[in-house]
Amino acid sequence: PVLVVDFGAQYAQLIARRVREASVYSEIVPHTITAEEVAAKNPVGIVLSGGPSSVYAEGAPSLDEGILQLGVPTLGICYGFQVMAKQLGGEVAHTGHREYGSTPVTARTDDGNALLDGQPEHQTVWMSHGDSVAVAPDGFDVLASTDSTPVAAFASDELGFYGVQWHPEVKHSEFGQRVIENFLHRAAGIPDDWNADNVIAEQVERIRAQIGSAKVICGLSGGVDSAVAAALVHEAVGDQLTCVFVDHGLLRKDERRQVEEDYAKSTGVRIVTVDASERFLGALAGVSDPEEKRKIIGREFIRTFEQAERDLVAEAADAGEPIRFLVQGTLYPDVVESGGGSGTANIKSHHNVGGLPDDLQFELVEPLRTLFKDEVRAIGRELGLPEVIVGRQPFPGPGLGIRIVGEVTAERLAILREADAIVRAELSAAGLDAEIWQCPVVLLADVRSVGVQGDGRTYGHPIVLRPVSSEDAMTADWTRVPYDVLAKISNRITNEVPDVNRVTVDITSKPPGTIEWE
Ligand code: XMP
17 PVLVVDFGAQ YAQLIARRVR EASVYSEIVP HTITAEEVAA KNPVGIVLSG GPSSVYAEGA
77 PSLDEGILQL GVPTLGICYG FQVMAKQLGG EVAHTGHREY GSTPVTARTD DGNALLDGQP
137 EHQTVWMSHG DSVAVAPDGF DVLASTDSTP VAAFASDELG FYGVQWHPEV KHSEFGQRVI
197 ENFLHRAAGI PDDWNADNVI AEQVERIRAQ IGSAKVICGL SGGVDSAVAA ALVHEAVGDQ
257 LTCVFVDHGL LRKDERRQVE EDYAKSTGVR IVTVDASERF LGALAGVSDP EEKRKIIGRE
317 FIRTFEQAER DLVAEAADAG EPIRFLVQGT LYPDVVESGG GSGTANIKSH HNVGGLPDDL
377 QFELVEPLRT LFKDEVRAIG RELGLPEVIV GRQPFPGPGL GIRIVGEVTA ERLAILREAD
437 AIVRAELSAA GLDAEIWQCP VVLLADVRSV GVQGDGRTYG HPIVLRPVSS EDAMTADWTR
497 VPYDVLAKIS NRITNEVPDV NRVTVDITSK PPGTIEWE
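Using the UniProt record's numbering, count along the sequence shown one by one with no gaps and you end on 534.
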């Protein structure tokens, strides 16, 4: 792999993604990693990420000096660039001059250096630093400078060491991806052979080795991750896999059919559906507090899933084959955020509705553990999954239950389901799927307002549209949906959905608002 050394800023995941976009496999490691641990991973390249602080600050994250002695081609970025300069005998200075944001650099692009050769001499890059490299280490060529930073990039083709003061991984750096690709392919000579095909082949082999001839189960949520995880396992072990799909009655329109028909048909996965909508509605009766609703839905989900699991286990045991494995759609960001995640699985409670029981009697199979969301989608497409599944927006485990402000009832669910279907159809038709991260549609069931529809006065409920743009759902901005699209949505909802006489748009960013209303 290419190792991305994380100095604690928010950039390491982005760098790891950019490396993979260049078709090279990457892994994030903490900056506390030792030279021996690095060597054991047999890296073909190393990228040192940006970090929060000055290399001279107290408690500044450091790097085992042995790592730069291993002879592995290395690219230092921002803080990583300065760490490199310092360790290799250059000079890093407190200039007192901060560079932040879009900055013009002058680059040496005509001397055959592997990093910047062939690029424009003047380009705009994204900077965020206080200290600067004042003197490059001996034997290094200075490749770029800015008005206030004499050494904005350096290289030693001989040593295979490169560094840039700016952040090539962010989109604001004009030729950022080219810098990363040049480092990987030209400087370090790493082939671009990491792609969906290879990932599938490798995972299929791993899954077979782990599961052998045992039985395995998987809970399908209707979302992308569990759908792709199950499809991969099915590719590996076929009908040893059974999927359990809990219909809690809080799904969106057509979702169940898409899983049971489109998904099942395209993958051949065996699905057992448990229709538990009555049970969930019963448990939710009279409840309007959001946290209370979440708890109830989580609890009922686990009970339902466990019951289905017990039935299947009993059935399998009858046939002399107990179920030993459970598939989980854990993604790489979950693994990184829970501390690197080697060893035991660390499952976030929101990963599936309510998480898994503590006394889990299954060994976990997690074929997506090394992947980012966009890669999971690519693999799903390669496996032939329908676009309605792989292209799906994130949808919360508690479903429409937390998009009805007020008590959840069958009538209200029916209203929301229709409105939500209209919104999804119109946003897709307007070509906005790529721009919009997700668009919750919320029914303010406890609010009524006066309207006039047809010949008379109405006293109905408002619907709120919550279109947001985001990279990772941690922060988000409200999407500027064109007025004519909003007009169409508003018209259709008020005409086609009973009891709704008003459509509003939520224009709050996150923070301060969360994406969901509850
Ligand atoms: P918030 O509302 O916290 O949502 O800004 C951030 C992202 O998480 C999703 N979400 C959930 N997903 N179970 C889930 O699986 C949940 O209980 C849950 N609550 C929120 C939300 O849709 C958004 O993508």
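Heads up, the beta-carbon is just placed ideally off N, CA and C, and yes, glycines get one too.
Predicted, not measured: the structure shown is a model, and the values here were computed from it.
- Mind checking who residue 261 pairs with in its DSSP beta bridge? 236 and 289, per the DSSP bridge assignment.
- Let me know the secondary structure DSSP gives residue 90 once reduced to three states. Strand at residue 90.
- Task: Over the uninterrupted alpha helix (DSSP H) stretch that includes residue 172, give me the two end residues.
- Result: No alpha helix (DSSP H) holds residue 172; the beta strand (DSSP E) holding it covers 169-172.
- Query: So what does residue 148 bridge to, in DSSP terms?
  - Reply: Beta-bridge analysis with DSSP links residue 148 to 109.
- Query: With respect to the beta strand (DSSP E) encompassing residue 472, which residues constitute its N-terminal and C-terminal limits?
  - Reply: Where residue 472 is concerned, the enclosing beta strand (DSSP E) stretches over 472-481.
- Message: Could you check whether residue 505 and residue 431 sit closer than 8 Å to each other, using their CB atoms as the reference points?
- Response: No, the Cβ-Cβ distance between residue 431 and residue 505 is not below 8 Å.
- Do the CB positions of residue 416 and residue 433 come within less than 8 Å of each other? At a Cβ-Cβ threshold of 8 Å, residue 416 and residue 433 count as neighbours.
- Buried or exposed: which applies to residue 264, given that a residue is buried once 16 or more other Cβ atoms fall within 10 Å of its Cβ? Flag for residue 264 reads buried.
- Item | DSSP-derived helix/strand/coil call for residue 340 | The answer is strand: DSSP assigns residue 340 an E or B state.
- Task: With a threshold of 7 Å, establish whether the CB of residue 413 neighbours any heavy atom of ligand 1.
- Result: At least one heavy atom of ligand 1 is nearer than 7 Å to the Cβ of residue 413, so yes.
- Task: Within the same chain, show all residues whose beta-carbon is closer than 7 Å to that of residue 189, passing over the 5 residues directly before and after it, in chain order.
- Result: So the qualifying residues of the chain are 141, 142, 182 and 183.
- Taking only the alpha-carbon atoms, compute the straight-line gap between residue 117 and residue 136 and give it to the nearest angstrom. Each residue's alpha carbon lies about 20 Å from the other.
- Message: Once DSSP output is grouped into helix, strand and coil, what is the label at residue 317?
- Response: Helix at residue 317.
- Message: Can you tell me whether residue 491 sits near ligand 1, meaning its C-beta is under 7 Å from at least one heavy atom of the ligand?
- Response: No, Cβ of residue 491 sits at least 7 Å from all heavy atoms of ligand 1.
- Message: What I want to know is whether the C-beta of residue 532 ends up closer than 7 Å to one or more non-hydrogen atoms of ligand 1.
- Response: Yes; taking the cut-off as 7 Å, the Cβ of residue 532 has a heavy atom of ligand 1 nearer than that.
- Item | Pairwise C-alpha distance: residue 185 and residue 119 | Using only the alpha carbons, I get a separation of about 15 Å.
- Message: With the cut-off set at 8 Å, would you say residue 99 and residue 71 are in Cβ contact?
- Response: Against a cut-off of 8 Å, the Cβ pair of residue 71 and residue 99 comes out as a contact.
- Query: How many Å lie between residue 3 and residue 336 at the Cα?
  - Reply: Only positions 17 to 534 of the chain appear in the structure, and residue 3 is not among them; the question remains open.
- Message: Taking 8 Å as the limit between beta carbons, can you name the residues of its chain near residue 535, skipping five residues before and five after?
- Response: Missing from the structure shown is residue 535; the chain here goes from 17 to 534 and no further.
- Message: Pull the bridge partners of residue 138 from the DSSP assignment, please.
- Response: When DSSP reads this structure, residue 138 sits in a beta bridge with 122.
- Message: Does the distance between the C-beta of residue 526 and the nearest non-hydrogen atom of ligand 1 fall short of 7 Å?
- Response: The answer is yes for residue 526.
- residue 450, DSSP secondary structure in three states: In the structure shown, residue 450 sits in coil (DSSP, three-state: anything other than H, G, I, E or B).
- So what does DSSP say about residue 416, is it helix, strand or coil? Helix, per DSSP.
- residue 457 (DSSP reduced to helix, strand or coil): Of the three classes helix, strand and coil, the one that applies to residue 457 here is strand, per DSSP.
- Task: Return the residue from the list 82, 380, 351 and 323 that minimises the CA-CA distance to residue 223.
- Result: Considering only alpha carbons, the answer is 380.
- Task: Inspect the CB distances between the region 418-428 and the region 381-398 and report whether three or more fall short of 8 Å.
- Result: These segments do not touch.
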